[in-house]
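*Asks:*
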Ligand code: C2O
Ligand code: CU
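In our numbering, the protein residues as written are 13 to 496.
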C-alpha cells in the first residue's frame, strides 16, 4: 500500500505554520519557544546522532560500560553514560538476530540492563531484571530475537529496583532499532531522537530530587535531545525524514508538535500501524516511542515543541499540588528550499494479530493506587501491595490471551508497562479505539480505566509490569508475573 501527504494539504499546513510564527511575536508561545528565543536558540548546535553499532551475519556483540562523567548540554558533567556518552550507542538489529551485551559496571552502585520492548526471553542471562551487576563487575547478557520480531524503535536502560529512576535520569539510556535491510532507503534522512531531562548545577553536577519530587515523579529542568539543548536539525523542503523518538525521561510526558505541520505516525513502541496516520500532536508517556515521517513543503525554521501536559498530582492527600510540565522547545528543524520530491511511501504494516476478535482465556483487573504510608510519605501500590521480588502476583498460561482492565483511582497518571509481551489497547480511558493500536506502555489517566489484551506467546518465565514513572516503580509500583 502507498501513502502520500497530498500537496494541497501540505500547503495548507505550511500556511498555518506561517500564522503560528506570527502569533509567536504576540506571546502565544509562553515559555522557551517564543520567536526571539528561537532566534537565540542555536546554542545546542547541530543535532548529533549517537554512534550506531549494527549487527552483521545475525550477531551484534557490544561492550557497554556504565560510568559517570559525560558531556551533556555542552558541558562536562557528573552525569552517567554508556561508553562515555549519554545517550549510549544505538544498537541496530534485524529480526532473528542475536544481541550479546557485556555490561561493565563502573558505577558506585549496582545496576543491570533492560531491553525495553524487545520480544525476548526474560530468563537466565536474557532480559532478566532480577539480575544485579555489582560495582566493578561485568555481566554477559544474550538476547535472541525471533525471526518475526516487529521492526521499529526500542531502547535500553537500567532496571535495578530502587535505582531505576536515578540511573535513567542520570543519563543511562540508548536506542535500539530493529529494521529489515531496506527499511531506511525510502527516507532522505533517518534520525534517532532520544529525549531526556535532567537538572545540573553550575559545576555540571546532577542535582538529586527531593523526596517530594520523587513521589510526584521528578522532572529535570533541562530538556535534552541526544544530550543536547535545543539542537538544530538541518533539512530540505520536500524531503521525507524518519524520526525515531524515544521518551527517555523518567517521569515527563511529551506532547510533540512541529510548527505548522503534521507528523505522519508510522507506529508506536516498535510496531508499525496498519496504516500511517496524520497527527498534529503525538503524546508519549515515559517509555513510549514513536516512529514518525516528517515532510515540510517549504523552507523555514520549524520548532519541535512539547506542549504542556497535566498528569495530575497528589490531590488532597499531600500539599504540593499538581504536576504540569510547561511548554518547551526541544529542537529546531531548519529547512532549506530545495524542490526534492519524495516518491510515495511503500507501507508494510506489522503482521501483528488483532486481538479484538480473539476468544479471551482470562479477564483480570489491576488497580494502580497510592495511599498514605507510615511516616515516609505515600505508598505506591498495585492491587494494594508494594513490590516484592519474592512474591508472584500474577500467573498466566503460555499462549493464553488475557484481557486486562487497568484501573487508576488515584489523582495522578500512571503509565503501565509490561515486559516481554506487547499488548493491544482496546480502550485508552475514553472509549473503545476504532483502529488497532499496539503498545508496550499505555498511560492510565488519573481516575480512569484502560483495557488491553495480551497474548503470552513465545516466551515463558518470570518478569514484571510496573508504572513507567520510574520513581513510582522504585517506590513500589511494580509486580511480578510468571508465564508457564
Ligand atoms: Cu522501560 Cu520495566 O522498563
Ligand atoms: Cu505512577
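Where is the CB? At the ideal position from N, CA and C, for every residue including glycine.
DSSP on residue 477, reduced to helix/strand/coil?
*Replies:* Strand, per DSSP.
*Asks:* Assuming the contact rule is C-beta atoms closer than 8 Å, residue 341 and residue 315 should be a hit. Round their C-beta distance to whole Å, please.
*Replies:* With 8 Å as the limit, residue 341 and residue 315 qualify as a contact, their Cβ atoms being about 6 Å apart.
*Asks:* Would you please verify whether the beta carbon of residue 335 is less than 9 Å from any beta carbon of chain D?
*Replies:* Although the question refers to chain D, the structure presented lacks it and comprises just one protein chain.
*Asks:* Buried or exposed: residue 245, going by 16 or more other Cβ atoms within 10 Å of its Cβ?
*Replies:* By the 10 Å Cβ count, residue 245 comes out buried.
*Asks:* Three Cβ pairs or more, each shorter than 8 Å: is that satisfied between the region 267-276 and the region 290-302?
*Replies:* Cβ pair count under 8 Å is three or more, so yes.
*Asks:* For residue 431, is the classification buried or exposed, using 16 other Cβ atoms within 10 angstroms of its Cβ as the cut-off for buried?
*Replies:* By the 10 Å Cβ count, residue 431 comes out buried.
*Asks:* What separation, rounded to the nearest whole angstrom, lies between the Cα atoms of residue 339 and residue 267?
*Replies:* Using only the alpha carbons, I get a separation of about 9 Å.
*Asks:* Would you call residue 257 buried or exposed, if buried means 16 or more other Cβ atoms sit within 10 Å of its Cβ?
*Replies:* By the neighbour-count rule (16 or more Cβ atoms within 10 Å), residue 257 is buried.
*Asks:* Between residue 436 and residue 414, what straight-line distance do the alpha-carbon atoms span, to the nearest angstrom?
*Replies:* The straight-line gap from Cα to Cα measures roughly 11 Å.
*Asks:* Between the C-alpha atoms of residue 383 and residue 390, what's the straight-line distance to the nearest angstrom?
*Replies:* Spanning the two alpha carbons is a distance of roughly 6 Å.
*Asks:* Evaluate the contact criterion for the region 140-155 versus the region 222-235: three or more CB pairs, one atom per stretch, below 8 Å.
*Replies:* The region 140-155, when compared against the region 222-235, does not touch it at the 8 Å Cβ threshold.
*Asks:* In chain order, what residues of the same chain have a beta carbon less than 7 Å from the beta carbon of residue 476, not counting five sequence neighbours either side?
*Replies:* Within the same chain, residue 476 has close Cβ partners 141, 431, 490, 491, 492 and 493.
*Asks:* Are there any heavy atoms of the ligand C2O lying less than 8 Å away from the beta-carbon of residue 429, as far as the coordinates show?
*Replies:* Yes, since a heavy atom of the ligand C2O falls inside the 8 Å radius drawn around the Cβ of residue 429.
*Asks:* Quick check on DSSP: helix, strand or coil for residue 65?
*Replies:* It is a strand residue.
*Asks:* Using CA coordinates, which residue listed in 458, 472 and 123 is at the minimum distance from residue 228?
*Replies:* Nearest option by C-alpha distance: 458.
*Asks:* State yes or no: is the C-beta of residue 479 nearer than 8 Å to some heavy atom of the ligand CU?
*Replies:* Answer for residue 479: yes, Cβ within range of the ligand CU.
*Asks:* Using 8 Å as the cut-off, can you tell me whether the region 104-119 makes contact with the region 66-78, which would need three or more C-beta pairs spanning the two stretches below that distance?
*Replies:* As far as the Cβ criterion goes, the region 104-119 touches the region 66-78, which means the pair count is three or higher.
*Asks:* Can you check DSSP and say which residues form a bridge with residue 240?
*Replies:* Looking at the DSSP assignment, residue 240 forms a beta bridge with 237.
*Asks:* When DSSP labels each residue in this structure, what does residue 487 get in the three-state scheme?
*Replies:* Here residue 487 sits in coil by DSSP.
*Asks:* Under 9 Å, do residue 155 and residue 132 count as touching if we go by C-beta distance?
*Replies:* Yes; because the gap between Cβ atoms is below 9 Å, this pair is in contact.
*Asks:* Take residue 238 and list the residues in its own chain whose beta-carbon comes closer than 8 Å to its own, dropping the five residues that flank it on each side.
*Replies:* Excluding positions up to five away in sequence, the list reads 59, 60, 61, 62, 99, 204, 205 and 206.
*Asks:* Any heavy atom of the ligand C2O inside 8 Å of the beta-carbon of residue 255?
*Replies:* Not so, every heavy atom of the ligand C2O lies at least 8 Å from the Cβ.
*Asks:* Flag this pair as touching only if the region 318-327 and the region 247-254 have three or more C-beta atom pairs under 8 Å; answer yes or no.
*Replies:* No contact exists between the region 318-327 and the region 247-254.
*Asks:* If residue 128 sits next to residue 299, beta carbons under 8 Å apart, how far is it from one beta carbon to the other, in whole angstroms?
*Replies:* Right, the Cβ-Cβ distance comes to about 6 Å (below 8 Å), so this counts as a contact.
*Asks:* Helix, strand or coil for residue 112? Go by DSSP, reduced to three states.
*Replies:* If DSSP states are grouped into helix, strand and coil, residue 112 belongs with the strands.
*Asks:* Write down the C-beta distance between residue 120 and residue 486 rounded to the nearest angstrom, noting that I regard them as a contact closer than 8 Å.
*Replies:* Incorrect: roughly 17 Å between the Cβ atoms, too far for contact.
*Asks:* Looking at the strands, I want to know which residues DSSP matches up with residue 429.
*Replies:* Note: residue 429 sits in a beta bridge opposite 453 and 478.
*Asks:* Is residue 424 near the ligand CU, going by C-beta to nearest heavy atom under 8 Å?
*Replies:* Flag set: Cβ of residue 424 near the ligand CU.
*Asks:* Taking 8 Å as the cut-off, is the C-beta of residue 416 nearer than that to any heavy atom in the ligand C2O?
*Replies:* No - the ligand C2O has no heavy atom lying nearer than 8 Å to the Cβ of residue 416.
*Asks:* Starting from residue 176 and walking both ways along the alpha helix (DSSP H), at which residues does that stretch end?
*Replies:* Unbroken alpha helix (DSSP H) run through residue 176: 176-182.
*Asks:* With the cut-off set at 9 Å, would you say residue 372 and residue 428 are in Cβ contact?
*Replies:* It is not a contact, given that the beta carbons lie outside the stated cut-off.
*Asks:* Can you have a look at residue 375 and say buried or exposed, based on whether 16 or more other CB atoms are within 10 angstroms of its CB?
*Replies:* Residue 375 comes out exposed.
*Asks:* Tell me whether the beta-carbon of residue 118 lies closer than 9 Å to the beta-carbon of residue 91.
*Replies:* Contact: no.
*Asks:* Note down, in chain order, each residue of its chain lying with its Cβ closer than 7 Å to the Cβ of residue 311, except the 5 sequence neighbours on either side.
*Replies:* Same-chain partners within the cutoff: 249, 347, 348 and 349.
*Asks:* Assign residue 224 to one of three DSSP states: helix, strand, or coil.
*Replies:* Helix.
*Asks:* Give the C-beta separation of residue 464 and residue 433 to the nearest angstrom, bearing in mind that I take them to be a contact with Cβ-Cβ under 8 Å.
*Replies:* In fact, because the Cβ distance is near 10 Å, the residues do not count as touching under 8 Å.
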